[in-house]
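Colleague: Take this structure, written in structure tokens, and hold onto it; I'll ask about it next.
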Amino acid sequence: MNVKDATVLLGKCAAFDNRKPTQATVLAWSEALDDMPVQDALNFVTQHYAASRDWIMPSDLNREWHQLRRLRQDAVPQAQRPQPPQDLDGPTYLVWRRAVSRAISHGQPAEQVTAAAYEAIGRTPELEAPTNHYEINTHQIGKHS
72 MNVKDATVLL GKCAAFDNRK PTQATVLAWS EALDDMPVQD ALNFVTQHYA
122 ASRDWIMPSD LNREWHQLRR LRQDAVPQAQ RPQPPQDLDG PTYLVWRRAV
172 SRAISHGQPA EQVTAAAYEA IGRTPELEAP TNHYEINTHQ IGKHS
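Just so we're aligned, residue 72 is where the sequence shown starts under our numbering, counting upward by one.
Right, dumping it as structure tokens:
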């Protein structure tokens with residue numbers, strides 16, 4: 072997570088628990104938090120304080136993020152993920168796969184997943200390129216009852 076997002080996140084935490092984050096706190100949190108979208112992190116803070124009086128820490132957020140990321144990955148079967156161009160070499164194929172996986176983990180819609188994968192390999196999607204699309208309601212994945 073970048074410093075700007077960590078600042079926003081700690082501001083939300085402070086609204087709940089009255090903490091007084093310093094610049095060092097912001098830097099430490101930005102380093103400790105995984106590649107987590109800020110909106111997911113903000114949602115985790117709200118969920119946490121709706122159910123607990125305990126002070127939230129980066130490990131709490133990372134635990135929730137790992138679970139949500141796994142749920143999002145499981146919601147999109149391999150056969151429904153965008154297919155790479157046929158001419159990719161091994162390293163470029165891995166870049167493609169990682170970009171697809173990251174975009175899905177971040178809850179992106181199918182069109183954005185495909186665009187992120189092409190951007191990662193430095194290309195633009197060809198008009199005739201076959202892609203598989205999926206529909207998932209990312210707003211329901213990872214919601215606690």
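Virtual Cβ for every residue (Gly too), placed ideally from N, Cα, C.
Let me know the alpha helix (DSSP H) ranges lying completely inside the segment 75-134, each 4 residues or longer, listed in chain order.
Modeller: Complete alpha helix (DSSP H) runs here, min 4: 94-103 and 109-122.
Colleague: Is the segment 182-189 touching the segment 143-160 in the sense that three or more CB pairs, one from each, lie closer than 8 Å?
Modeller: In short, these stretches touch, since the Cβ pair count reaches three.
Colleague: Can the beta-carbon of V59 be found closer than 8 Å to that of A112?
Modeller: Nothing about residue 59 can be read from this structure; the chain reaches only from 72 to 216.
Colleague: Count the CB pairs spanning the segment 128-144 and the segment 89-107 that are closer than 8 Å, and state whether there are at least three.
Modeller: Because the criterion of three Cβ pairs below 8 Å is met, the segment 128-144 and the segment 89-107 touch.
Colleague: So, under 8 Å CB-CB, F115 and L142 are touching, yes? Tell me the CB distance rounded to an integer number of Å.
Modeller: Rounded, the Cβ-Cβ distance is 13 Å, inconsistent with contact.
Colleague: I need the straight-line Cα distance from T117 to P129, nearest angstrom please.
Modeller: If you take the alpha carbons of T117 and P129, they lie about 14 Å apart.
Colleague: Can you give the Cα-Cα distance for N89 and G178, rounded to whole angstroms?
Modeller: Their Cα atoms are separated by approximately 31 Å.
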